[in-house]
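*Asks:* Using my numbering, you'd call the opening residue of the sequence shown number 286 and step up by one each time.
A virtual CB, placed ideally from N, CA and C, is assigned to each residue, including glycine.
Because the structure is a prediction, the values reported are computed rather than measured.
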Amino acid sequence: MTRTKHFHTIVIGAGPGGLTCATLLAEKGMDVLVVERNTSIGMKVCAGGVTWSGLARHLPEELIEKPFNRQYIHSGMQKTVIRETEPIISTINREKIGKWMADKALKAGVTLLSGTAVTQITDSEVVTKSGRYTFRYLVGADGSNSLVRRTLNIPTKRIGVGVHYQVPGNFPKMIWHLDPDLFKTGYAWVFPHSNSASVGAYANRADLSPKTLKEKLHNWIKKHDININGLKPEAATVNFDYRGWHFGNTFLVGDAAGLASGLTGEGIYPAVCSGETVAKTIIDPGYESKTFTGLIKKHRRHTRLLSLCSTNTFFAKIILESLIAALRFNIINFKALEMGD
Ligand SMILES: Cc1cc2nc3c(=O)[nH]c(=O)nc-3n(C[C@H](O)[C@H](O)[C@H](O)COP(=O)(O)OP(=O)(O)OC[C@H]3O[C@@H](n4cnc5c(N)ncnc54)[C@H](O)[C@@H]3O)c2cc1C
Numbered sequence: 286m287t288r289t290k291h292f293h294t295i296v297i298g299a300g301p302g303g304l305t306c307a308t309l310l311a312e313k314g315m316d317v318l319v320v321e322r323n324t325s326i327g328m329k330v331c332a333g334g335v336t337w338s339g340l341a342r343h344l345p346e347e348l349i350e351k352p353f354n355r356q357y358i359h360s361g362m363q364k365t366v367i368r369e370t371e372p373i374i375s376t377i378n379r380e381k382i383g384k385w386m387a388d389k390a391l392k393a394g395v396t397l398l399s400g401t402a403v404t405q406i407t408d409s410e411v412v413t414k415s416g417r418y419t420f421r422y423l424v425g426a427d428g429s430n431s432l433v434r435r436t437l438n439i440p441t442k443r444i445g446v447g448v449h450y451q452v453p454g455n456f457p458k459m460i461w462h463l464d465p466d467l468f469k470t471g472y473a474w475v476f477p478h479s480n481s482a483s484v485g486a487y488a489n490r491a492d493l494s495p496k497t498l499k500e501k502l503h504n505w506i507k508k509h510d511i512n513i514n515g516l517k518p519e520a521a522t523v524n525f526d527y528r529g530w531h532f533g534n535t536f537l538v539g540d541a542a543g544l545a546s547g548l549t550g551e552g553i554y555p556a557v558c559s560g561e562t563v564a565k566t567i568i569d570p571g572y573e574s575k576t577f578t579g580l581i582k583k584h585r586r587h588t589r590l591l592s593l594c595s596t597n598t599f600f601a602k603i604i605l606e607s608l609i610a611a612l613r614f615n616i617i618n619f620k621a622l623e624m625g626d
């Protein structure tokens with residue numbers, strides 16, 4: 286341990302939330318360090334779906350893999366297709382987006398320390414194997430098992446689990462399959478990319494254990510004739526236990542703050558939106574964001590609906606079938622399921 290260097294802001298985690306926050310601060314002239322434990326930026330277990338109302342409309346076209354104006358929604362009792370003029374969801378490659386965001390951060394003047402895990406945090410210092418760094422502001426953008434959150438003693442009880450395979454081939458449709466008999470309050474998906482698709486399932490861990498979720502996904506994959514021979518599953522958690530984002534000179538962003546949707550697992554846009562809000566709040570402590578307030582309202586609504594569905598499987602069936610019928614007859618818009626407005 287040789288160096289102690291001071292930064293205006295230290296961001297832990299170079300995911301979409303951390304990089305968005307760091308770039309905005311550096312563009313305003315702040316001295317920012319981002320510490321990332323992975324050597325490569327953008328590696329993340331993810332289906333890679335971004336909503337139009339969230340991130341998709343702000344991305345350059347070359348970063349979009351496949352846009353989908355139609356969403357195929359299946360359940361035990363119904364099959365429906367939701368259509369919009371704009372692509373409702375587009376798929377992106379997390380590694381490409383990660384590199385694009387990292388390039389922007391570096392151009393803005395961010396110091397990016399990759400391949401370096403933060404092992405300890407004190408009131409004024411971040412400790413890594415290669416050095417100690419002091420800060421005025423600390424941003425925890427370190428995902429669903431956040432060390433910053435744990436250091437703040439904030440518990441994490443509400444957690445979702447996602448498991449998926451990246452299956453080679455050409456898949457024409459973006460599919461959601463809601464069936465409480467299989468996935469309780471969760472769902473299975475097919476999210477097509479350029480030459481493959483993310484085929485997976487997501488559920489609230491309180492409703493379905495990761496092991497059972499994987500078994501149910503395998504049954505579903507078999508029934509739908511999708512070949513996963515020789516492929517390895519990837520799984521990760523999604524924190525949706527939101528308990529605040531601003532704690533003195535420490536902030537939480539994205540999954541670290543529990544801002545992903547407990548209902549759908551959508552977390553990229555909440556990470557970017559909260560990263561932006563944290564940066565603007567550090568620059569101007571009086572800053573208020575209507576978009577971020579709207580995101581928190583949506584998050585609360587998604588959590589409430591999930592809690593209602595979690596009561597029992599019969600109740601979940603009634604609610605989810607009613608939800609699909611409401612989408613089908615245009616009583617509610619697909620945007621109600623998205624985290625953006
Ligand atoms: C199977 C699955 C599918 C999903 N599909 C979608 C989807 O289609 N669309 C969507 O919007 N969301 C999806 N999500 C959720 C989404 O991936 C996350 O919500 C999103 O990545 C959160 O971004 P973030 O910036 O908060 O954190 P992350 O992207 O998790 O980034 C956190 C970063 O912090 C780093 N880090 C952690 N601890 C340390 C440490 N101690 N020191 C240094 N670095 C550290 C990590 O290496 C990581 O790079 C999915 C999740 C799963 C599990």
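#1: May I ask which residues mark the beginning and end of the alpha helix (DSSP H) holding N504?
#2: Could you pull the DSSP bridge partners for K351 from this structure?
#3: CA-CA distance, L605 and V475?
#4: Going by DSSP, name the residue or residues bridged to E453.
#5: To the nearest angstrom, how far is it from the Cα of V335 to the Cα of H359?
#6: E551 by DSSP, collapsed to three states: which one?
#7: By DSSP's criteria, A521 is part of a beta bridge. Which residues make up the other side?
#8: Run the proximity test for F476: is its beta-carbon closer than 7 Å to any non-hydrogen atom belonging to ligand 1?
#9: Could you pull the DSSP bridge partners for N641 from this structure?
#10: Can you tell me which residues form a DSSP beta bridge with H462?
#11: Is DSSP giving L233 helix, strand or coil here?
#12: Give the straight-line distance between the Cα atoms of A390 and K496, rounded to the nearest whole angstrom.
#13: Just to confirm before moving on: does the CB-CB distance between V412 and V424 stay below 8 Å?
#14: Just reading off the alpha helix (DSSP H) that T576 is part of, what are its end residues?
*Replies:* Let me spell this out:
#1: Run containing N504: 495-508, per the alpha helix (DSSP H) assignment.
#2: Under DSSP, K351 takes part in a beta bridge, and its partners are T376.
#3: For the pair L605 and V475, the Cα-to-Cα distance works out to about 19 Å.
#4: Per the sequence shown, residue 453 should be read as Pro rather than Glu. Answer is S481, bridged to P453.
#5: Taking the straight line from one Cα to the other gives about 20 Å.
#6: It is coil, neither helix nor strand.
#7: Listed as beta-bridge partners of A521 by DSSP are G447.
#8: Yes; taking the cut-off as 7 Å, the Cβ of F476 has a heavy atom of ligand 1 nearer than that.
#9: The chain is shown from 286 up to 626; residue 641 falls before or after that span and cannot be answered.
#10: Beta bridge pairing from DSSP links H462 with H359, A473.
#11: No answer is possible for residue 233: it lies beyond the span of the chain, which begins at 286 and ends at 626.
#12: Cα to Cα, the separation comes out at about 38 Å.
#13: Contact: no.
#14: Run containing T576: 575-595, per the alpha helix (DSSP H) assignment.
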